[in-house]
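Student: Its first residue numbered 757, the sequence shown is counted upward by one per residue in my numbering.
Take a look at this one; I'll ask things after.
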Amino acid sequence: ETKPQQTPLLTAGALVQEDPVGAFRSMLTEIAARTPELREHDWEEALRLFITDRRYGGVKTLTQRKELFAEWQQAQRGVSKEERRAQLRAARSAFIEMLCECEQIDSRTSFARAKALLESDPRWQAL
């Protein structure tokens with residue numbers, strides 16, 4: 757009777773040895789999922805969150821760690837800006853759709869009247 761062959765799992769230590777830069781970046785992303793403020797922290801504040809992680813030690817020099825952190829932060833800020841823009845576009849579209857659906861308002865309706873009619877709608881509150 758033969759046993760099925762199992763593929764060895766890649767441990768965190770092996771991942772650090774194989775691709776220390778990628779491991780460092782994935783560490784930052786994982787920590788940011790738990791602590792979103794990491795994207796805004798300076799190096800000293802952020803260091804407290806990951807200094808004990810073994811992936812931190814995979815990158816050998818402090819200079820390289822700081823550079824990787826700065827690059828990662830910049831990339832995350834770009835992603836965040838794009839996400840916010842996309843959410844705002846979607847909220848605007850939903851808002852306009854809400855205005856079109858409401859038969860009680862037209863182009864002559866005052867803002868105060870429209871607000872009274874629609875302010876409880878989540879699409880109104882999104883903007």
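No residue lacks a Cβ here, since even glycine has one placed at the ideal position from N, Cα and C.
#1: If I'm right that ALA788 touches ARG781 with Cβ under 8 Å, what's the distance once you round it to whole angstroms?
#2: Have a look at ILE807 and GLU801 and give me their C-alpha separation to the nearest angstrom.
#3: Once DSSP output is grouped into helix, strand and coil, what is the label at GLU859?
#4: Taking the CB atoms as reference points, tell me whether ARG879 and MET854 lie closer together than 9 Å.
#5: Looking only at C-alpha atoms, which of LEU805, VAL777 and ALA779 sits nearest to GLU790?
#6: If we ignore side chains and look at the alpha-carbon of each, how far apart do ALA882 and VAL835 end up?
#7: Taking buried to mean at least 16 other C-beta atoms within 10 Å of its own C-beta, is ALA779 buried or exposed?
#8: For ALA847 and ILE861, which I take to be in contact (beta-carbon distance under 8 Å), what is that distance rounded to the nearest angstrom?
#9: Taking only runs of the alpha helix (DSSP H) that begin and end inside the segment 787 to 813, which ones reach a length of at least 4 residues, in chain order?
Tutor: On the basis of the data shown:
#1: Along the sequence shown, one-based indexing puts residue 788 at 32. Along the sequence shown, one-based indexing puts residue 781 at 25. Between ARG781 and ALA788 the Cβ distance is about 11 Å, and since that is not below 8 Å, they are no contact.
#2: Numbered from 1 along the sequence shown, position 51 holds the residue referred to as residue 807. Numbered from 1 along the sequence shown, position 45 holds the residue referred to as residue 801. Going from the Cα of ILE807 to the Cα of GLU801 covers about 11 Å.
#3: One-based indexing of the sequence shown puts residue 859 at position 103. Of the three classes helix, strand and coil, the one that applies to GLU859 here is coil, per DSSP.
#4: As a first step, residue 879 must be located in the sequence shown, where it is residue number 123. As a first step, residue 854 must be located in the sequence shown, where it is residue number 98. It is a contact, given that the beta carbons lie within the stated cut-off.
#5: Mapped onto the sequence shown, residue 790 falls at position 34. Residue 790 is actually Arg in this sequence, not Glu. Per the Cα distances, LEU805.
#6: Your numbering for residue 882 matches position 126 in the sequence shown. Your numbering for residue 835 matches position 79 in the sequence shown. Each residue's alpha carbon lies about 21 Å from the other.
#7: Indexing the sequence shown from 1 puts residue 779 at position 23. Flag for ALA779 reads buried.
#8: To locate residue 847, count along the sequence shown from 1; it is residue 91. To locate residue 861, count along the sequence shown from 1; it is residue 105. Not quite, the Cβ-Cβ distance comes to about 19 Å (not below 8 Å), so this is no contact.
#9: Taking only runs of at least 4 residues, the alpha helix (DSSP H) segments lying wholly in the segment 787 to 813 are 799 to 806.
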